[in-house]
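Letter by letter, the sequence shown follows residues 50 to 556 in this note's numbering.
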Amino acid sequence: MLGGWSRVMERWRDVCTTKGSEGGEPTWLETQFLSLPACASEICVRYFQTCGNVHVLKPKYVCSFGAPSFKYSHPHHLLKTSAVLQGQIVQFKLSDIGEGIREVTVKEWYVKEGDTVSQFDSICEVQSDKASVTITSRYDGVIKKLYYNLDDTAYVGKPLVDIETEALKDSEEDVVETPAVSHDEHTHQEIKGHKTLATPAVRRLAMENNIKLSEVVGSGKDGRILKEDILNYLEKQTGAILPPSPKAEIIPPPPKPKDRTIPIPISKPPVFTGKDRTEPIKGFHKAMVKTMSAALKIPHFGYCDEVDLTELVKLREELKPIALARGIKLTFMPFFLKAASLGLLQFPILNASMDENCQSITYKASHNIGVAMDTDQGLIVPNVKNVQICSIFEVATELNRLQKLGSAGQLSTPDLTGGTFTLSNIGSIGGTYAKPVILPPEVAIGALGAIKALPRFNEKGDVHKAQIMNVSWSADHRIIDGATMSRFSNLWKSYLENPSLMLLDLK
Numbered sequence: 050m051l052g053g054w055s056r057v058m059e060r061w062r063d064v065c066t067t068k069g070s071e072g073g074e075p076t077w078l079e080t081q082f083l084s085l086p087a088c089a090s091e092i093c094v095r096y097f098q099t100c101g102n103v104h105v106l107k108p109k110y111v112c113s114f115g116a117p118s119f120k121y122s123h124p125h126h127l128l129k130t131s132a133v134l135q136g137q138i139v140q141f142k143l144s145d146i147g148e149g150i151r152e153v154t155v156k157e158w159y160v161k162e163g164d165t166v167s168q169f170d171s172i173c174e175v176q177s178d179k180a181s182v183t184i185t186s187r188y189d190g191v192i193k194k195l196y197y198n199l200d201d202t203a204y205v206g207k208p209l210v211d212i213e214t215e216a217l218k219d220s221e222e223d224v225v226e227t228p229a230v231s232h233d234e235h236t237h238q239e240i241k242g243h244k245t246l247a248t249p250a251v252r253r254l255a256m257e258n259n260i261k262l263s264e265v266v267g268s269g270k271d272g273r274i275l276k277e278d279i280l281n282y283l284e285k286q287t288g289a290i291l292p293p294s295p296k297a298e299i300i301p302p303p304p305k306p307k308d309r310t311i312p313i314p315i316s317k318p319p320v321f322t323g324k325d326r327t328e329p330i331k332g333f334h335k336a337m338v339k340t341m342s343a344a345l346k347i348p349h350f351g352y353c354d355e356v357d358l359t360e361l362v363k364l365r366e367e368l369k370p371i372a373l374a375r376g377i378k379l380t381f382m383p384f385f386l387k388a389a390s391l392g393l394l395q396f397p398i399l400n401a402s403m404d405e406n407c408q409s410i411t412y413k414a415s416h417n418i419g420v421a422m423d424t425d426q427g428l429i430v431p432n433v434k435n436v437q438i439c440s441i442f443e444v445a446t447e448l449n450r451l452q453k454l455g456s457a458g459q460l461s462t463p464d465l466t467g468g469t470f471t472l473s474n475i476g477s478i479g480g481t482y483a484k485p486v487i488l489p490p491e492v493a494i495g496a497l498g499a500i501k502a503l504p505r506f507n508e509k510g511d512v513h514k515a516q517i518m519n520v521s522w523s524a525d526h527r528i529i530d531g532a533t534m535s536r537f538s539n540l541w542k543s544y545l546e547n548p549s550l551m552l553l554d555l556k
């Protein structure tokens with residue numbers, strides 16, 4: 050029987066152009082089917098015909114055979130068929146996820162062997178040296194094999210799982226020739242009976258709003274339903290995406306007690322095993338190795354200063370309840386980032402990058418300012434995009450989002466790439482001064498110390514309590530001199546010591 054099937058497949062090209070017999074002598078294909086054992090009742094042979102950019106599945110030959118009779122039907126007829134195609138094992142390979150990433154670490158499996166999955170269902174969570182990515186299925190079927198355990202290293206282009214694709218179920222169905230469809234008609238037509246294309250996030254949004262995806266017209270590629278399509282559908286149904294919320298009453302924060310108790314850091318008790326332990330460097334630690342090794346090639350120039358944040362502390366206390374009423378935690382960092390962006394407008398060399406051969410400098414138009422964060426996965430530096438066009442509240446909103454995703458290990462590649470300048474708030478953990486290391490291809494970085502209440506002299510020579518923060522800058526001394534770094538720091542410092550000055554330059 051296998052030999053017979055081989056003969057059929059070898060002549061497949063000829064089969065696709067054969068007209069078939071109409072009451073005359075049987076074609077070669079018919080004779081080959083007749084020579085096969087009567088192991089099945091019916092077979093439907095199909096091929097793809099290309100119509101411009103649209104691929105239409107068309108029934109070409111529908112042959113049913115049994116011992117000893119043989120029936121043959123031509124296209125353009127209504128045919129009754131029963132599929133007996135068996136499921137096929139497909140190796141689902143890890144695709145290129147961009148940014149030159151060649152290997153990832155498997156952090157979590159969402160499926161196990163024997164589970165049934167559909168297209169766009171989550172398979173696993175992987176972590177590269179830059180971000181965590183959720184891998185979704187491209188097939189409908191059953192998981193037959195997982196190639197990796199948790200924390201194993203998976204490689205791009207290698208099998209991730211084996212999926213047995215769903216076989217066509219035995220069912221009586223009408224088969225008719227599908228007419229060719231023009232590209233314009235195909236773009237917006239609703240295709241019934243086909244699987245709706247949507248990501249898990251979009252499906253969740255639809256489910257939360259009791260929306261059937263079959264009722265939504267997708268505007269994405271191949272009819273994929275996007276988040277905007279769901280929101281547009283909601284707007285048409287209700288007249289507004291979200292009902293207006295009542296104005297929140299601003300409640301002033303309760304007065305702080307005079308005597309504050311400094312919380313003792315909580316840490317897990319160390320476990321002593323008495324044995325050496327070796328583990329591979331991977332994930333964000335691997336990214337740190339690469340980045341810091343590249344940073345050694347940069348001649349660092351250091352500059353330190355102190356900033357009096359007394360006025361900024363008062364301003365933040367006034368704005369905190371307003372931001373909290375909007376659902377946002379307002380820290381000092383949005384002010385630091387916005388002041389840095391205003392300074393970068395005056396000193397664009399600090400928001401630049403240099404090519405590998407040190408032959409040209411690229412001045413970045415966007416101020417994508419990175420913020421170093423300490424997480425359970427290690428040091429990460431997501432960045433706030435386009436700070437130069439954001440308000441302080443918008444910067445705070447984005448920082449809140451990045452902090453939540455960073456704590457959950459769910460930052461995306463765009464969140465972690467494209468930075469042009471960096472601030473590291475080492476003072477949130479402890480410390481006054483630091484020697485920050487530049488993150489290539491950036492050319493400058495700042496480290497912020499803890500804010501401390503210290504005695505200082507005012508303009509009259511009287512001693513008063515001031516809120517002092519120390520800042521440590523590092524710059525690429527190949528293209529940035531000490532005077533430029535000092536002038537930038539002084540401008541940044543003036544915005545923070547006199548927050549009202551920022552109003553003059555805000556756009």
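Glycine included, each C-beta is placed from N, C-alpha and C at the ideal position.
Residue i versus the options, residue with shortest Cα-Cα distance
| i | options | result |
| --- | --- | --- |
| K194 | I138, G455, M382 and D200 | I138 |
| I529 | Y352, M518 and L540 | Y352 |
| Q452 | E443, T424, G476 and T214 | T424 |
| S543 | A389, K369 and Y197 | A389 |
| T154 | V160, E162, S181 and V210 | S181 |
| L246 | S521, D201 and T185 | T185 |
| N432 | N417, H334 and I494 | N417 |
| N259 | Y282, Q459, G267 and S268 | Y282 |
| R253 | D170, V210 and D189 | D170 |
| L472 | G458, Q459 and V436 | V436 |
| K387 | L553, R187 and D464 | L553 |
| T165 | C407, T214 and K207 | T214 |
| K331 | H349, Q176, G163 and F396 | Q176 |
| P208 | S167, D145, Y159 and A255 | D145 |
| G190 | P504, G495 and K161 | K161 |
| T202 | T462, E152, Q168 and W158 | E152 |
| V520 | Q408, Y482 and S461 | Y482 |
| Y197 | D404, V251, F141 and Q168 | F141 |
| A445 | D404, I500, G458 and R375 | R375 |
| I192 | H526, S167 and G206 | S167 |
| N400 | H349, C407 and G419 | G419 |
| E360 | E264, L550 and A343 | L550 |
Bridge partner(s) assigned by DSSP for residue i
| i | result |
| --- | --- |
| C173 | W158 and I184 |
| L497 | V520 |
| G376 | None; G376 has no bridge partner. |
| H334 | H334 is not bridged to any residue. |
| V512 | F506 |
| E355 | N519 |
| V265 | Partner(s): none; V265 has no beta bridge. |
| K324 | Answer by DSSP bridge pairing: none, since K324 is not bridged. |
| N432 | G419 |
| M557 | Because the chain spans 50 through 556 in this model, residue 557 falls outside it and cannot be assessed. |
| Q140 | D211 |
| Y282 | For Y282, which the question treats as bridged, DSSP gives no partner whatsoever. |
C-alpha distance - residue i paired with residue j, whole-angstrom precision
| i | j | result |
| --- | --- | --- |
| K363 | T327 | 50 angstroms |
| D325 | G479 | 30 angstroms |
| M337 | L428 | 8 angstroms |
| F506 | V512 | 5 angstroms |
| D200 | S538 | 43 angstroms |
| A476 | A372 | Per the sequence shown, the amino acid found at residue 476 is Gly instead of Ala. Computed Cα separation, rounded: 23 angstroms. |
| D464 | E367 | 30 angstroms |
| G498 | E157 | 36 angstroms |
| S402 | G458 | 28 angstroms |
| L391 | W541 | 8 angstroms |
| K276 | S268 | 10 angstroms |
Assigned exposure category for residue i - 16 Cβ within 10 Å defines buried
| i | result |
| --- | --- |
| L345 | exposed |
| P485 | buried |
| M534 | buried |
| C439 | buried |
| C173 | buried |
| M382 | buried |
| L555 | exposed |
| F385 | buried |
| L394 | exposed |
| M341 | exposed |
| S509 | Per the sequence shown, the amino acid found at residue 509 is Lys instead of Ser. The residue in question, K509, is exposed, as its Cβ has fewer than 16 Cβ neighbours within 10 Å. |
| S523 | buried |
| M256 | exposed |
| K514 | exposed |
| D404 | exposed |
Interface flag, residue i vs chain D, CB-CB below 9 angstroms
| i | result |
| --- | --- |
| A483 | This model lacks chain D altogether; it includes just one protein chain. |
field: Continuous beta strand (DSSP E) assignments of at least 3 residues falling wholly in the region 436-495
entry: Entirely contained in the region 436-495, the beta strand (DSSP E) runs reaching 3 residues are, in chain order, 470-473.
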